[in-house]
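In the order they appear, the protein sequences are chains A and B. Each number in our numbering corresponds to the 1-based position in the first sequence with 67 added. Each number in our numbering corresponds to the 1-based position in the second sequence with 26 added.
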Amino acid sequence: MRKIFILTKREFITSVRSKSFLIGLIIAPILMGGSFFVIKLTEDKVDVSDKMIAVIDHSGIMVEPLSEVLDERNQVIFDEETGERIRPAYILEIIEPAKEDLRQQRLSLSNRVRNRELHAFIEIGPEILHPGEDNEKFRIMYYAENSFVDDVRDWFSITINNQLRQLRVAELDIDSELSRDLFFGIRVEGMGLLSLNQETGEVNEAKRSNIGDAIAVPYIFMMIMFMIVMMFTVPLLSAVMEEKIERIAEVILGSVTPFQFITSKLLGSILVSLIGSGVYIFGGAITATQMGFADSVPYHLLPWFFTFLLLNIMMIGSIMIALGAACDNSKDAQSLQFPAMIPVLIPMFVMFPMLKDPLSSFSTGLSLIPPFTPMLMVVRMATPVSIPVWQPVVGLIGVILFTGFTIWISGRIFRASILMQGTPPKFMNLVRWASKG
Amino acid sequence: MSKFKQFYSLAKSDDHQGKVKKMNYTNQMNTIELLNITKTFNNHRAVDDLSLSVPKGSIYGFIGPNGSGKTTTIRMMMNIFYPDSGVIKLFGREHSGSRINNVGYLPEERGLYKKMKVREILRFHASLKNANNINQEINYWLNKFDLTDWANKKVETLSKGMSQKIQFIVTIIDRPEIIILDEPFSGLDPVNTEVLKAAILELRSDGATIVFSTHDMGVAEKMCDYIFMIHKGKKVLDGTLSSIQDKFGTDTIRIQTEGGYATLQNIPGIEKVNDFGQMQEIRISPEADSQNIIRSILSKTYVSKFETAKPSLNEIFIRIAGPEEKEVKNA
Chain A
68 MRKIFILTKR EFITSVRSKS FLIGLIIAPI LMGGSFFVIK LTEDKVDVSD
118 KMIAVIDHSG IMVEPLSEVL DERNQVIFDE ETGERIRPAY ILEIIEPAKE
168 DLRQQRLSLS NRVRNRELHA FIEIGPEILH PGEDNEKFRI MYYAENSFVD
218 DVRDWFSITI NNQLRQLRVA ELDIDSELSR DLFFGIRVEG MGLLSLNQET
268 GEVNEAKRSN IGDAIAVPYI FMMIMFMIVM MFTVPLLSAV MEEKIERIAE
318 VILGSVTPFQ FITSKLLGSI LVSLIGSGVY IFGGAITATQ MGFADSVPYH
368 LLPWFFTFLL LNIMMIGSIM IALGAACDNS KDAQSLQFPA MIPVLIPMFV
418 MFPMLKDPLS SFSTGLSLIP PFTPMLMVVR MATPVSIPVW QPVVGLIGVI
468 LFTGFTIWIS GRIFRASILM QGTPPKFMNL VRWASKG
Chain B
27 MSKFKQFYSL AKSDDHQGKV KKMNYTNQMN TIELLNITKT FNNHRAVDDL
77 SLSVPKGSIY GFIGPNGSGK TTTIRMMMNI FYPDSGVIKL FGREHSGSRI
127 NNVGYLPEER GLYKKMKVRE ILRFHASLKN ANNINQEINY WLNKFDLTDW
177 ANKKVETLSK GMSQKIQFIV TIIDRPEIII LDEPFSGLDP VNTEVLKAAI
227 LELRSDGATI VFSTHDMGVA EKMCDYIFMI HKGKKVLDGT LSSIQDKFGT
277 DTIRIQTEGG YATLQNIPGI EKVNDFGQMQ EIRISPEADS QNIIRSILSK
327 TYVSKFETAK PSLNEIFIRI AGPEEKEVKN A
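Here's what the structure looks like:
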């Protein structure tokens with residue numbers, strides 16, 4: 068134990084003194100929180116300059132209603148208190164459809180958009196009120212440089228369709244007061260479930276479900292575990308390989324056993340990862356509380372998170388140590404690094420389908436496969452959905468057993484290969500070292 | 027019987043006699059004992075049924091060509107490799123799977139953490155070895171190796187020779203009872219070689235048992251109480267220098283002539299001539315008469331110096347491991 072403590076201390080001090088640790092501790096949260104901060108910072112920074120939109124109306128029925136709606140809209144683009152403009156005004160430029168060369172007209176309008184004279188132009192088909200069999204005649208096309216993510220397009224889509232409905236209703240000769248309700252849509256609100264407060268016996272009201280609980284919390288847990296594993300286990304591969312190439316390993320192995328060597332490396336990584344994850348988790352919790360999202364922080368999940376994190380560090384870390392011992396050049400190390408990271412990469416790929424349905428057989432099955440369990444079980448547990456209690460327990464037992472097995476196999480590969488030079492770490496060699504020890 | 031087999035059988039009998047001699051000579055326990063150890067890597071038998079006993083307080087020299095199994099044997103002594111079969115005992119007992127305290131090991135390829143400072147790395151290794159009086163020992167050895175001024179410098183700033191001396195201090199910082207050194211003198215200049223030799227002898231005089239491998243036959247002859255040679259994984263020599271030389275008889279003539287190397291060609295009875303420029307070393311065939319040979323030489327040139335001698339360790343090494351041995355074996 069004394070030797071493990073001395074080696075662990077050296078590993079720990081070397082890690083926390085390294086620039087990568089300090090940078091990782093500071094830069095990673097900035098990158099993670101930065102995008103959120105930038106969104107918050109820029110959400111009020113809307114471009115409020117006038118947007119000129121040209122309209123070619125083949126139907127001849129839309130110009131007037133559109134102009135009326137726009138006049139109303141352009142009245143409410145100012146802040147009621149400050150009078151400051153908070154939205155852009157939409158200004159229509161009505162274009163008569165060309166009688167001969169329509170394509171030339173479209174090209175010329177496109178060039179005006181490119182020259183910033185127009186924001187976009189809309190072409191309304193001739194049969195939009197009563198669509199016939201010819202699809203081309205009831206199309207409404209919005210031409211802009213980036214029309215897919217253009218809010219203006221959404222506004223016109225809603226507005227034109229509302230106007231069409233009104234025109235169609237008017238044709239039916241229904242009282243406009245009665246027809247008003249036809250256009251009154253009611254959103255289905257997403258709510259959580261009610262629960263019983265065990266202490267007071269009172270019924271807790273259901274919370275309104277939100278993007279934070281449904282996606283952000285599991286996503287943040289996943290990202291923290293991913294970053295911690297990447298930051299503190301992947302470097303073990305190059306560190307051990309360097310100790311092998313620099314012949315430091317044999318000097319150390321003159322004083323300690325391979326088991327003590329590997330254990331101290333893992334313990335060193337666990338200690339620094341605890342610091343890293345502690346900073347992220349508690350920093351995130353404080354930030355969330357400050358921003359009014361205290362209810363969204365799942366404190367009850369933290370013991371599970373840290374338990375799975377430590378097991379994940381031990382599992383991936385021991386694999387990295389074994390592969391570092393097997394490599395004697397950076398080319399080999401690079402080629403082995405990717406397969407070794409599969410236990411953290413696969414969960415990243417399947418995270419979103421899993422968030423959508425955490426109780427599906429796909430989600431349950433995959434989260435019970437030990438290499439993926441630490442990340443996926445935490446993600447599932449972090450969603451608002453209740454996971455059956457047995458699943459995290461079975462997952463934990465599986466991960467403990469698998470981690471023990473991984474460390475044992477890694478130890479054998481390490482011992483067989485750490486002093487071996489010039490033997491490439493091919494799959495069959497790794498299998499041989501693992502089997503022979 | 028090939029010369030190799032001849033030497034092998036000779037080594038076996040020599041080993042037996044050596045053991046008896048050692049027991050009678052010192053009547054003390056063997057600090058290191060290897061009993062019929064074998065180690066195979068990928069169908070290559072690196073060490074083959076090797077037995078060895080190292081008496082307490084002795085200096086034991088390991089010699090052998092590159093790839094003969096010296097380092098593998100040393101690593102098995104250190105429990106870094108496990109033998110496929112056989113028993114290894116240090117201090118009279120087996121230590122399978124554990125590191126043994128009181129054993130210092132200097133590997134053939136040295137390695138230190140480059141970013142650590144000299145004193146820091148010495149403290150680190152001393153702590154690992156549970157050494158006593160760490161500061162005192164560090165100061166003593168740094169001073170002895172003239173490295174005191176470098177104590178607070180990073181390892182990466184040291185020259186190769188300095189690093190090697192630091193590596194040696196790392197090995198012996200806890201004053202171990204067994205010191206195993208794999209090629210301790212390689213890469214050192216003559217001055218540092220002498221300093222290191224003196225340190226090894228000092229540790230021996232303090233009671234340590236020392237095993238070291240070397241390619242420098244001169245060092246092995248002068249420093250070692252016992253010499254052990256391994257060739258192709260098998261033990262081929264084991265005993266004191268004189269007992270080994272005795273087995274090879276007085277078949278060597280050292281001669282200095284006016285005509286030099288050229289005049290020694292085509293003389294009956296001369297098996298081989300080693301030319302050293304100013305002097306030649308002649309190996310005579312077993313049935314030849316040295317008097318007839320000197321008469322033949324005198325008839326051709328003026329002889330200024332002539333002596334019969336036992337073969338040097340270098341000569342014995344070459345006879346066992348040199349190209350000649352291969353020729354004989356393949357014949």
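Even for Gly, the Cβ is constructed at its ideal location relative to N, Cα and C.
{"Query": "Which residues in chain A have a C-beta closer than 7 Å to the C-beta of B/R145? List them in chain order.", "Result": "None at all; the shortest Cβ gap to chain A is about 14 Å."}
{"Query": "Sort out for me which residues DSSP pairs B/N318 with in a bridge.", "Result": "Per DSSP, none; premise fails for B/N318."}
{"Query": "Return the residues of the segment 205-234 of chain B that lie within a Cβ-Cβ distance of less than 7 Å from chain A, sorted by chain order.", "Result": "none"}
{"Query": "According to the Cβ coordinates, are B/V237 and B/I58 closer than 8 Å?", "Result": "yes"}
{"Query": "Could you tell me the alpha carbon to alpha carbon distance between B/E353 and B/I281, rounded to whole angstroms?", "Result": "Because the pLDDT of B/E353 is 40, which lies under 50, any placement of that residue in the model is unreliable, and the number read from its coordinates should be weighed accordingly. Going from the Cα of B/E353 to the Cα of B/I281 covers about 27 Å."}
{"Query": "Who are the neighbours of B/M104 on chain A, taking C-beta pairs under 7 Å?", "Result": "G321"}
{"Query": "Apart from the five residues on each side of it in sequence, which residues of its chain come closer than 6 Å, Cβ to Cβ, to A/M382?", "Result": "T470, T473"}
{"Query": "Can you tell me the Cα-Cα spacing of A/I476 and A/A501, whole angstroms?", "Result": "6 Å"}
{"Query": "Let me confirm a value: B/Y86 is counted as buried when at least 16 other C-beta atoms fall within 10 Å, else exposed. Which label applies?", "Result": "buried"}
{"Query": "If you measure beta-carbon to beta-carbon, which residues of the segment 148-167 of chain B are closer than 9 Å to chain A?", "Result": "F150, H151, S153, L154, K155, N156"}
{"Query": "Report the partner residues of B/Y131 according to the DSSP bridge assignment.", "Result": "B/I206"}
{"Query": "Suppose the cutoff is 6 Å on Cβ atoms and the five residues either side in sequence are ignored; what does the same chain contact list for B/G95 look like?", "Result": "A72, V73, I256, G259"}
{"Query": "Does the segment 269-282 of chain A come within contact of the segment 332-351 of chain A, defined as at least 3 CB pairs closer than 8 Å?", "Result": "no"}
{"Query": "Is it the case that the Cβ atoms of A/I161 and A/I189 are separated by a distance below 8 Å?", "Result": "no"}
{"Query": "For A/R129, name the three-state secondary structure that DSSP assigns.", "Result": "Sequence check: residue 129 of chain A is Met here, not Arg. A/M129 falls in the coil class under three-state DSSP."}
{"Query": "Which same chain residues, not among the five before or five after A/A352, have their C-beta less than 7 Å away from its C-beta?", "Result": "V364"}
{"Query": "Can you give the Cα-Cα distance for B/D208 and B/N105, rounded to whole angstroms?", "Result": "15 Å"}
{"Query": "Using CA coordinates, which residue listed in B/G303, B/G233, B/S189 is at the minimum distance from A/E313?", "Result": "B/S189"}
{"Query": "Using the rule of at least 16 other Cβ atoms within 10 Å of the residue's Cβ for burial, across every protein chain shown, is A/T356 buried or exposed?", "Result": "exposed"}
{"Query": "Could you check what DSSP says for B/T289 in three-state terms: helix, strand or coil?", "Result": "helix"}
{"Query": "Taking only beta-carbon atoms, is B/I342 less than 8 Å away from chain A?", "Result": "no"}
{"Query": "Taking 8 Å as the CB-CB limit, is A/E78 close to chain B?", "Result": "no"}
{"Query": "Rounded to a whole number of angstroms, what is the C-alpha to C-alpha distance between B/D277 and B/K326?", "Result": "22 Å"}
{"Query": "So is B/E203 in contact with chain A if we call contact Cβ pairs under 8 Å?", "Result": "no"}
{"Query": "Pick from B/E182, B/S185, B/K191, B/K180: whose alpha carbon is nearest that of B/N169?", "Result": "B/K191"}
{"Query": "Taking only beta-carbon positions, decide if A/I476 is within less than 8 Å of chain B.", "Result": "no"}
{"Query": "By alpha-carbon positions, which one of B/L116, B/Y108, B/T64 ends up nearest to A/P325?", "Result": "B/Y108"}
{"Query": "Can you give me the start and stop residues for the beta strand (DSSP E) that B/E307 sits inside?", "Result": "306-310"}
{"Query": "Any C-beta of chain B sitting closer than 8 Å to the C-beta of A/L486?", "Result": "yes"}
{"Query": "Exposed or buried, which one is A/A400 when buried takes at least 16 other CB atoms within 10 Å?", "Result": "buried"}
{"Query": "Determine the extent of the beta strand (DSSP E) in which A/G121 is found, giving its start and end residues.", "Result": "The question names Gly, but residue 121 of chain A in the sequence shown is Ala. From DSSP, the beta strand (DSSP E) with A/A121 extends over 118-124."}
{"Query": "Which one or two residues does DSSP pair with A/Y209 in a beta bridge?", "Result": "A/I189"}
{"Query": "Measure from the C-beta of A/I73 to each C-beta in chain B and report whether the shortest distance is under 8 Å.", "Result": "yes"}
{"Query": "Along the chain, where does the alpha helix (DSSP H) that runs through B/L184 open and close?", "Result": "Per DSSP, B/L184 belongs to no alpha helix (DSSP H) and is neither H nor E."}
{"Query": "Tell me which same chain residues have a C-beta within less than 7 Å of the C-beta of A/M387, skipping the five on either side of it?", "Result": "T300, V301, L303, L304, A407"}
{"Query": "Below 8 Å, how does it come out for the segment 286-305 of chain B and the segment 322-337 of chain B: are there three or more Cβ pairs, yes or no?", "Result": "yes"}
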